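S.K.:
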Amino acid sequence: MTWLAWRQFRAQAAVALGALVLVAIVLLLTGPHLVHLYDTTVANCSGHGDCSAATSALITDGDKVGAGLRVVVEVVPALIGLFWGAPLVARELETGTYRLAWTQVTRTRWMTVKIGILGLASMVVAGVLSLMVTWWSSPLDRVNMNIFGTFDQRDIVPVGYAAFSFALGVTAGVLIRRTLPAMATTLAVFVAARTTFSQFLRPQLMAPVLRHLALNPATTGYGSSGLLFFGAGPSTLEPSPPDTPNAWVISTQIVDKAGHALSAQVLKTDCPLLGKGGLGPVGRHSSGPVPAAAAHTLHDCVVKIGATYHELVTYQPASHYWALQWYELAIFLGAALILGGFCFWWVRNCLA
Numbered sequence: 003m004t005w006l007a008w009r010q011f012r013a014q015a016a017v018a019l020g021a022l023v024l025v026a027i028v029l030l031l032t033g034p035h036l037v038h039l040y041d042t043t044v045a046n047c048s049g050h051g052d053c054s055a056a057t058s059a060l061i062t063d064g065d066k067v068g069a070g071l072r073v074v075v076e077v078v079p080a081l082i083g084l085f086w087g088a089p090l091v092a093r094e095l096e097t098g099t100y101r102l103a104w105t106q107v108t109r110t111r112w113m114t115v116k117i118g119i120l121g122l123a124s125m126v127v128a129g130v131l132s133l134m135v136t137w138w139s140s141p142l143d144r145v146n147m148n149i150f151g152t153f154d155q156r157d158i159v160p161v162g163y164a165a166f167s168f169a170l171g172v173t174a175g176v177l178i179r180r181t182l183p184a185m186a187t188t189l190a191v192f193v194a195a196r197t198t199f200s201q202f203l204r205p206q207l208m209a210p211v212l213r214h215l216a217l218n219p220a221t222t223g224y225g226s227s228g229l230l231f232f233g234a235g236p237s238t239l240e241p242s243p244p245d246t247p248n249a250w251v252i253s254t255q256i257v258d259k260a261g262h263a264l265s266a267q268v269l270k271t272d273c274p275l276l277g278k279g280g281l282g283p284v285g286r287h288s289s290g291p292v293p294a295a296a297a298h299t300l301h302d303c304v305v306k307i308g309a310t311y312h313e314l315v316t317y318q319p320a321s322h323y324w325a326l327q328w329y330e331l332a333i334f335l336g337a338a339l340i341l342g343g344f345c346f347w348w349v350r351n352c353l354a
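The sequence shown begins at 3 in the working numbering and counts up one residue at a time.
(1) What whole-angstrom Cβ distance do Gln-255 and Leu-314 have, given they're in contact under 8 Å?
(2) Using CA atoms only, rank isn't needed, just tell me which of Thr-222, Leu-177 and Pro-293 is closest to Ser-242.
(3) Do you know offhand how far Glu-1's Cα is from Thr-181's?
(4) Are the beta-carbon atoms belonging to Val-127 and Ala-266 less than 8 Å from one another?
(5) Check each candidate in Thr-114, Pro-160, Asn-146 and Asp-52 and name the one with the smallest Cα separation from Asp-65.
(6) Secondary structure at Ser-139, three-state DSSP: helix, strand or coil?
(7) In or out: Val-172 buried (at least 16 other Cβ within 10 Å) or exposed?
(8) Quick one: residues in its chain with C-beta nearer than 7 Å to the C-beta of Thr-238, no 5 flanking neighbours on either side, listed in chain order?
(9) Please report the straight-line C-alpha distance between Phe-168 and Gly-121, rounded to a whole angstrom.
(10) Please classify Ile-27 as buried or exposed, where buried requires at least 16 neighbouring CB atoms within 10 angstroms.
(11) Around the C-beta of Trp-112, are 16 or more other C-beta atoms found within 10 angstroms, so that it is buried, or is it exposed?
(12) May I have the straight-line CA-CA distance separating Leu-71 from Gly-129, to the nearest angstrom?
(13) Just the C-alpha distance for Tyr-311 and Ile-119, rounded to the nearest angstrom, thanks.
(14) The beta strand (DSSP E) that contains Trp-250, what's its start and end?
(15) How big is the Cα-Cα spacing for Asp-157 and Pro-293?
(16) At the level of alpha carbons, what is the spacing between Val-107 and Val-73?
(17) Considering only residues of the segment 97-146, which uninterrupted alpha helix (DSSP H) runs meet the minimum length of 4 residues and lie entirely inside it, listed in chain order?
(18) Return the chain-ordered list of same chain residues with a C-beta closer than 7 Å to the C-beta of Pro-79, the five sequence neighbours on each side being excluded.
(19) Relative to the C-alpha of Ile-307, which residue among Tyr-40, Lys-259 and Phe-85 is closest?
(20) When you compare each of Phe-85, Trp-347 and Ser-139 to Ser-124 by their alpha carbons, which one comes out closest?
(21) According to DSSP, simplified to helix, strand and coil, what is Ala-263?
(22) Ala-354 to Glu-330, Cα distance in whole Å?
(23) Less than 7 Å between C-beta atoms, sequence neighbours within five positions excluded: which residues of the same chain meet that for Asn-248?
(24) Going by the CB atoms, is the gap between Thr-188 and Phe-346 shorter than 8 Å?
Below you can see the structure in the form of structure tokens.
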């Protein structure tokens with residue numbers, strides 16, 4: 003059974019190996035140049051006073067390949083679920099070949115070998131790809147100082163995504179029993195799960211750090227933040243987040259000592275001239291030079307509001323990065339194990 007499973011998988015394995023070798027060649031050809039550029043320009047830029055130009059040149063040079071690598075690391079787990087997971091059992095159920103296999107081996111062994119070989123291969127492919135990209139991108143990551151911005155594409159979490167996507171595809175194939183519908187379902191559910199997790203669940207995996215700051219008239223703007231029913235939300239004061247390298251700023255609010263957010267009514271009462279007379283957005287929301295009258299009105303408003311309110315920044319510090327990586331890996335691996343266990347149970351008890 004193991005030999006048969008390998009023969010069925012060897013074409014896919016060859017394609018995956020070839021793709022990894024191709025990526026490795028590209029990274030080996032471009033990576034040393036990126037490291038050399040960092041060592042000769044960015045590493046000693048402070049002594050020459052041209053750090054802005056040096057970092058900009060490095061990022062521009064790195065993005066020629068880096069943009070494509072980001073897409074590859076994001077897409078590979080989904081492709082694993084689509085082309086390895088979904089057809090694995092669905093194709094045999096669709097064609098009826100599983101009946102012959104079950105006359106030779108038990109259902110449990112049949113599923114164990116199939117899921118074991120491809121599931122392990124899925125994690126290895128995603129892990130090796132992530133390792134190579136993480137190594138290649140290290141000079142860019144040191145310059146960008148935004149490790150959470152590439153959280154999904156670095157280190158160990160892509161292994162969890164690949165395992166989950168593969169198990170999700172197998173589950174869809176077992177339940178739907180048709181290859182193409184199973185592939186479509188796998189893609190839709192995987193994208194929804196990843197989006198939901200990154201937007202709503204990841205910020206709650208660890209208690210974020212709260213930082214209280216006085217309102218700064220020089221960095222506080224005025225304008226519309228976010229969307230409300232597919233339109234612009236109400237205009238309000240918008241403080242700029244503090245400079246926190248490698249931190250993930252989750253939210254920036256204006257609150258009073260009791261933690262109550264600044265309301266539109268309070269802002270209108272305390273700053274009746276703000277937004278009047280065609281002044282429009284001011285500060286970091288403005289699209290051009292700010293008139294002196296608008297800047298003065300905003301300054302006075304921030305000073306007045308600042309007597310009662312302050313800026314509250316909620317963020318995940320850089321020290322939480324690896325803990326969040328391990329938590330997320332464990333959750334997606336756990337979800338993959340649950341789906342895999344369900345597939346075993348379904349095949350043993352519900353398939354005729």
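In this text, a Cβ means the ideal position worked out from N, Cα and C, and glycines have one as well.
On a predicted model such as this, the values are computed, not experimentally measured, just so you know.
M.R.: So, from the listed chains and residues:
(1) 5 Å
(2) Thr-222
(3) The displayed coordinates of the chain run from 3 to 354. Any statement about residue 1 would go beyond what the structure contains.
(4) no
(5) Asn-146
(6) helix
(7) buried
(8) Ser-227, Leu-264, Ala-266 and Leu-269
(9) 7 Å
(10) exposed
(11) buried
(12) 14 Å
(13) So the alpha carbons of these two residues sit roughly 59 Å apart.
(14) Going by DSSP, Trp-250 is part of the beta strand (DSSP E) stretching over 250-258.
(15) 47 Å
(16) 41 Å
(17) For the alpha helix (DSSP H) assignment, the uninterrupted runs of no fewer than 4 residues enclosed by the segment 97-146 are, from N- to C-terminal side, 100-106 and 109-146.
(18) Ala-128, Pro-160, Tyr-163, Ala-164 and Ser-167
(19) Lys-259
(20) Phe-85
(21) It is a strand residue.
(22) 37 Å
(23) Met-147, Asn-148, Ile-149 and Ala-320
(24) no
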